[in-house]
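To keep things clear, I will list the structure first and then write my remarks on it.
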Amino acid sequence: SLGDANNDFFKINQLKFRKKMIKFARSRIHGWGLYAMESIAPDEMIVEYIGQTIRSLVAEEREKAYERRGIGSSYLFRIDLHHVIDATKRGNFARFINHSCQPNCYAKVLTIEGEKRIVIYSRTIIKKGEEITYDYKFPIEDDKIDCLCGAKTCRGYLN
Amino acid sequence: WSAFAPEFQELEENEKYIEKENEFDMEDE
Amino acid sequence: TVNVSSNDRAFQLSINGNSITGFEGYSMARASHGVSKGTWYFEVNFDDQPDDSHIRIGWSQSYASLQACVGYNKFSYGWRSKHGTKFHEAKGKKYHFGGFKQGDVLGCLIHLPVDK
Chain R
6 SLGDANNDFF KINQLKFRKK MIKFARSRIH GWGLYAMESI APDEMIVEYI
56 GQTIRSLVAE EREKAYERRG IGSSYLFRID LHHVIDATKR GNFARFINHS
106 CQPNCYAKVL TIEGEKRIVI YSRTIIKKGE EITYDYKFPI EDDKIDCLCG
156 AKTCRGYLN
Chain B
101 WSAFAPEFQE LEENEKYIEK ENEFDMEDE
Chain G
2 TVNVSSNDRA FQLSINGNSI TGFEGYSMAR ASHGVSKGTW YFEVNFDDQP
52 DDSHIRIGWS QSYASLQACV GYNKFSYGWR SKHGTKFHEA KGKKYHFGGF
102 KQGDVLGCLI HLPVDK
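Going line by line, the protein sequences match chains R, B and G. If you want our numbering, it's the 1-based position in the first sequence plus 5. If you want our numbering, it's the 1-based position in the second sequence plus 100. If you want our numbering, it's the 1-based position in the third sequence plus 1.
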């Protein structure tokens with residue numbers, strides 16, 4: 006019987022071959038987004054959020070550099086106290102998944118073979134053609150970023 | 101921004117960033 | 002006795018007695034005791050370094066982040082093995098041409114006003 010971690014390992018590596026589940030298209034929420042190409046059951050692994058693993062302080066320096074260049078910093082994903090995954094310049098299309106205050110997915114950090122990896126799971130049944138979203142859970146900050154998710158329970162800001 | 105960044109590199113796996121010696125330096129004479 | 006602190010140091014450094022071994026990006030270990038006035042001096046042996054690697058050494062207040070190099074912000078003053086540059090607030094200035102390397106004995110002196 007495969008231990009839980011092994012099971013995650015196999016499932017996460019299958020992800021590469023099941024790309025067909027989602028497609029990249031214009032989003033009503035913000036710019037571009039990812040959409041389900043088939044209906045997806047709850048708690049399904051949908052896609053891994055891939056990027057460069059960097060230390061927190063390096064992420065802070067990059068965030069300042071990106072802000073200066075007007076790039077925005079919403080492709081930085083914190084995996085634990087010490088490390089962040091930065092998909093701003095190197096990564097996969099999971100970086101296009103938009104935030105929603107009433108999301109149909111959630112992000113989970115798995116530790117597989119000592120490596121921490123971020124996987125986006127479905128929370129509810131996702132119908133074909135629905136936009137994939139998860140709650141970014143950004144830390145609360147002073148200068149706000151408006152949230153455009155349009156959900157009834159929208160909190161108004163991303164941070 | 102990242103959708104149209106010409107130099108964007110697709111990755112299949114997470115990539116560990118190797119820090120430079122001057123990673124934390126702002127200026128260096 | 003002044004030692005390398007066992008807890009005022011970055012978790013990823015390996016401390017063995019009074020020797021510090023680091024790898025990957027810069028991070029910091031501080032001494033077990035600090036000073037707050039007068040003139041103080043310490044010396045260390047630079048034992049060993051892989052090719053194309055560098056260290057920085059100097060004086061740091063406890064506010065400076067352990068996950069960066071000494072001299073990264075206003076709370077510390079560093080001296081770099083590469084080119085012998087001195088750093089404060091992440092700004093490098095010429096200081097000691099040629100730098101230093103394994104086998105050298107490094108001395109750091111600090112002179113703090115006594116009555117302030």
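Each residue gets a CB set at the ideal place from its N, CA and C atoms; glycine is no exception. Everything numeric in this text was worked out from a predicted model, so none of it was measured.
Check the DSSP bridge columns for R/Q19 and list the partner residues they point to. None, per the DSSP bridge assignment.
R/P47 to R/Q107, Cα distance in whole Å? The straight-line gap from Cα to Cα measures roughly 15 Å.
Establish whether the CB of G/A11 and some CB of chain B are separated by less than 8 Å. no
Is the stretch 56-67 of chain R in contact with the stretch 125-132 of chain R, if contact means three or more CB pairs nearer than 8 Å? No: the two stretches stay apart, fewer than three of their Cβ pairs being nearer than 8 Å.
In chain B, which residues lie with their C-beta within 9 Å of the C-beta of G/K102? Going along chain B, no residue has its Cβ under 9 Å from G/K102, so there is no contact; the nearest lies around 14 Å.
Rounded to whole angstroms, what is the Cα-Cα separation between G/G23 and B/N114? 23 Å
Measuring straight from C-alpha to C-alpha, what distance separates G/N74 and G/F88? 9 Å
Report the residue ranges of all alpha helix (DSSP H) runs contained in full by the stretch 62-92 of chain G; include only those spanning at least 4 residues, in chain order. Listed in chain order, nothing qualifies, since the stretch 62-92 of chain G has no complete alpha helix (DSSP H) run of 4 or more residues.
Buried or exposed, going by whether 16 or more other CB atoms sit within 10 Å of the CB of G/S77? buried
Who are the neighbours of G/G72 on chain R, taking C-beta pairs under 8 Å? Near G/G72 there are no residues of chain R at all, since even the closest Cβ is about 14 Å away, more than 8 Å.
Return the first residue and the last residue of the alpha helix (DSSP H) that R/R67 is part of. 61-73
Considering only residues of the same chain and omitting the five flanking positions on each side of R/D140, which have a CB-CB separation below 6 Å? P108
Determine the contact status of G/N4 and G/N19, defining contact as a CB-CB distance below 8 Å. yes
DSSP three-state label for R/D148, please. coil
Which residues, in chain order, does the stretch 96-109 of chain R contribute to contact with chain G at a C-beta distance below 7 Å? Identification of residues in the stretch 96-109 of chain R having a C-beta nearer than 7 Å to some C-beta of chain G yields an empty set.
Within the continuous beta strand (DSSP E) that includes R/H88, where are the two ends? Looking at the DSSP string, the run of the beta strand (DSSP E) that includes R/H88 is 88-91.
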